[in-house]
Amino acid sequence: MPVVLKGMEKYVALKELSARHGCGWIEYSEKISQPLPILLRLDMETMHDLGWFPAEIKDDRATVITCEPGPKVAADVKQRLGVKEVDFLVTLPEDLARIIEHNQGVNPASPFASGRTPLARVRTYLAGRRSLLAYYRTMFAKGRTGLALIRTGLACITIALLFLRVFGDGWFLFLEAPLLLAGCVMVFNGLRWYLPVRKFKNRVPPCEDTQATDGSTVLTAAEVKTYPVFTRSPEIPGARELRRQWTGLTPVMRRRFLASDRTDYAEERTVLACIRTQMAKTRTGLAFIRTGIAFASLGFGLIRYFHASNWLPFDLALMTIGVVMVLEGFLWYQSGRKAGNVKDAKAKWSFKATNIWESFSSHRCITIVPKSPPLPLPVRASDRPGIWATTGLALERTVLAERRNVMSRLRTVMAQERTGFAFIRTGRAFIFIGLAFALFFGPGVTGWNILNWTMVAIGLFFVGDGLRWALPAGRTRRQFPYCFDEMEITIPDYGVPARFWRTIVLNHE
93 MPVVLKGMEK YVALKELSAR HGCGWIEYSE KISQPLPILL RLDMETMHDL
143 GWFPAEIKDD RATVITCEPG PKVAADVKQR LGVKEVDFLV TLPEDLARII
193 EHNQGVNPAS PFASGRTPLA RVRTYLAGRR SLLAYYRTMF AKGRTGLALI
243 RTGLACITIA LLFLRVFGDG WFLFLEAPLL LAGCVMVFNG LRWYLPVRKF
293 KNRVPPCEDT QATDGSTVLT AAEVKTYPVF TRSPEIPGAR ELRRQWTGLT
343 PVMRRRFLAS DRTDYAEERT VLACIRTQMA KTRTGLAFIR TGIAFASLGF
393 GLIRYFHASN WLPFDLALMT IGVVMVLEGF LWYQSGRKAG NVKDAKAKWS
443 FKATNIWESF SSHRCITIVP KSPPLPLPVR ASDRPGIWAT TGLALERTVL
493 AERRNVMSRL RTVMAQERTG FAFIRTGRAF IFIGLAFALF FGPGVTGWNI
543 LNWTMVAIGL FFVGDGLRWA LPAGRTRRQF PYCFDEMEIT IPDYGVPARF
593 WRTIVLNHE
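This is the structure we're talking about:
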């Protein structure tokens with residue numbers, strides 16, 4: 093097995109090779125590529141045997157990468173490329189093999205960012221972003237659980253204090269003390285869960301979408317201090333026309349387009365995950381509002397029922413804490429409405445986008461000119477059968493990525509429905525408390541009446557907004573088969589024909 097040199101040993105070997113042959117040296121880079129017309133004149137498998145690759149061709153002069161420069165190689169280059177002068181760059185055998193393999197179908201005019209390594213780097217960044225967003229959603233769920241604990245504890249404390257203020261501290265103390273203690277423990281634990289979540293309020297990255305272009309541009313990532321910034325490269329000349337010649341592309345060309353498609357799909361999943369995170373943030377804000385209205389309504393009710401008493405500072409404190417939490421919840425709620433608008437626009441664009449099978453259907457032959465004859469498959473005698481299997485697997489991965497995107501859209505729709513239900517629950521709390529105050533205390537001071545009906549009006553607004561979110565999302569959800577029908581999953585085994593692949597069926601029993 094040949095020894096692969098790395099690090100300083102590699103550079104020392106390259107310099108020694110350069111000094112021995114009196115020419116420059118070069119190592120493998122995805123930037124080393126040639127235009128399509130030149131590549132079509134060369135058989136890459138033959139290049140492996142000949143041991144050279146053209147780095148640059150200009151006028152009647154060619155710069156060639158090889159491991160063993162000499163007159164024989166120069167004569168072969170002149171004959172195959174039709175040049176008069178030849179310059180050499182030396183490299184190591186493993187680097188020359190990688191350069192040739194990299195150019196076995198490189199897309200013409202493609203930038204460096206369209207290479208396999210840069211695209212994999214972008215997908216890794218996107219995966220990291222989705223993991224971060226999943227962490228934020230988990231923290232928001234933890235915060236909502238803490239707020240639910242606080243509301244439950246507050247209910248226990250309310251019952252205990254009402255018993256104490258109405259019945260005194262007689263035999264009822266045996267009931268009041270455990271209720272008060274349990275309520276205080278739940279409120280304390282809820283605060284421990286809720287307070288750390290507040291620092292994540294402004295940490296959610298923006299849901300920016302660069303809009304995929306079916307391979308005519310490439311998604312790139314730039315590193316910054318906080319989050320990677322994703323942008324689109326300028327449009328690649330001729331990329332749209334090249335993609336329409338699908339049957340005339342070499343396997344590596346196809347895999348380049350498929351890798352770009354998978355990167356675009358990863359970006360869409362990341363944007364949808366960001367929208368779900370914004371909605372989770374909104375539901376957390378609505379939980380703040382419900383908890384705050386519970387505190388504030390308790391304070392208002394105690395003040396209106398008992399009036400001025402020794403408990404007045406406690407009642408005012410409850411009311412103040414509740415009002416502050418309601419106001420903070422409204423600040424969280426605003427960002428969610430923006431996320432909902434982004435989601436609607438993204439969904440409309442996603443459903444209008446070209447499906448991968450519409451571009452690469454195996455029974456269609458797409459050419460530049462609609463009435464032109466089908467292009468022949470670019471198969472040479474030296475091609476190995478495995479290259480087509482590799483391209484088939486790349487297409488399979490791309491189709492699976494698109495299926496994951498469909499499921500991600502469904503999860504986003506269901507998140508929208510849950511957020512709508514959270515709006516309705518919040519509105520219901522406002523309506524019930526406002527009506528309870530109006531019916532229990534009756535018509536009294538004008539200020540209290542205004543407060544009662546203002547709460548009812550706010551509740552009706554939340555209910556209407558929630559229905560506007562939940563009903564369309566519910567209709568969309570019922571159109572997908574994943575939630576109701578049985579699901580059949582195929583287990584691929586590429587060692588046998590597809591008709592022999594086993595399947596598993598998941599049902600709801």
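Numbering of the sequence shown is given in the numbering used here, commencing with residue 93 and proceeding in unit increments.
By construction, the Cβ of each residue, glycine as well, lies at the ideal position given by its N, Cα and C atoms.
Once you ignore the five residues that flank residue i on each side, which residues in its own chain have a CB closer than 6 Å to its CB?
i, result
"residue 106", "117"
"residue 516", "555, 558"
"residue 500", "361, 364"
"residue 590", "none"
"residue 581", "596"
"residue 521", "382, 385"
"residue 585", "593"
"residue 523", "548, 551"
According to DSSP, is residue i helix, strand or coil?
i, result
"residue 531", "helix"
"residue 328", "coil"
"residue 207", "coil"
"residue 263", "coil"
"residue 127", "coil"
"residue 105", "helix"
"residue 304", "coil"
"residue 490", "helix"
"residue 114", "coil"
"residue 415", "helix"
"residue 588", "coil"
"residue 572", "coil"
"residue 296", "coil"
"residue 222", "helix"
"residue 133", "coil"
"residue 227", "helix"
"residue 500", "helix"
"residue 333", "helix"
"residue 425", "helix"
"residue 281", "helix"
"residue 217", "helix"
"residue 240", "helix"
"residue 268", "helix"
Name the DSSP bridge partner or partners of residue i?
i, result
"residue 597", "580"
"residue 148", "155"
"residue 321", "314"
So the alpha helix (DSSP H) residue i belongs to, where does it begin and stop?
i, result
"residue 186", "185–194"
"residue 540", "538–569"
"residue 166", "163–173"
"residue 141", "136–142"
Excluding five sequence neighbours on each side, which residues of the same chain lie with their C-beta closer than 7 Å to the C-beta of residue i?
i, result
"residue 208", "351"
"residue 424", "293, 373, 374, 376, 377, 380"
"residue 274", "248"
"residue 525", "385, 389, 547"
With residue i as the anchor, note down where its beta strand (DSSP E) starts and where it stops.
i, result
"residue 390", "Note, residue 390: premise wrong, no beta strand (DSSP E); alpha helix (DSSP H) at 343–398."
"residue 155", "153–158"
"residue 312", "311–314"
"residue 287", "First-last for residue 287: undefined, no H or E at that position."
"residue 623", "Lying before the first or after the last residue shown, residue 623 is absent from the chain, which here runs from 93 to 601."
Assuming the contact rule is C-beta atoms closer than 8 Å, residue i and residue j should be a hit. Round their C-beta distance to whole Å, please.
i, j, result
"residue 354", "residue 147", "That pair is no contact at about 30 Å."
"residue 250", "residue 278", "Their Cβ separation, rounded to whole angstroms, is 12 Å, which puts residue 250 and residue 278 out of contact at 8 Å."
"residue 511", "residue 371", "5 Å"
"residue 153", "residue 175", "6 Å"
"residue 563", "residue 519", "Incorrect: roughly 15 Å between the Cβ atoms, too far for contact."
"residue 359", "residue 218", "6 Å"
"residue 271", "residue 242", "Contact doesn't hold; Cβ gap of about 16 Å is too wide."
"residue 296", "residue 228", "6 Å"
"residue 289", "residue 232", "6 Å"
"residue 509", "residue 566", "6 Å"
"residue 368", "residue 507", "5 Å"
"residue 407", "residue 394", "4 Å"
With a CB to CB cut of under 8 Å and the five nearest residues on each side skipped, what residues in its chain are close to residue i?
i, result
"residue 202", "125, 310, 328, 331, 348"
"residue 158", "143, 144, 145, 165, 180, 181, 182, 183, 188"
"residue 324", "302, 303, 305, 309, 310, 311, 312"
"residue 102", "119, 184"
"residue 110", "116, 117, 182"
"residue 486", "346, 347, 350, 351"
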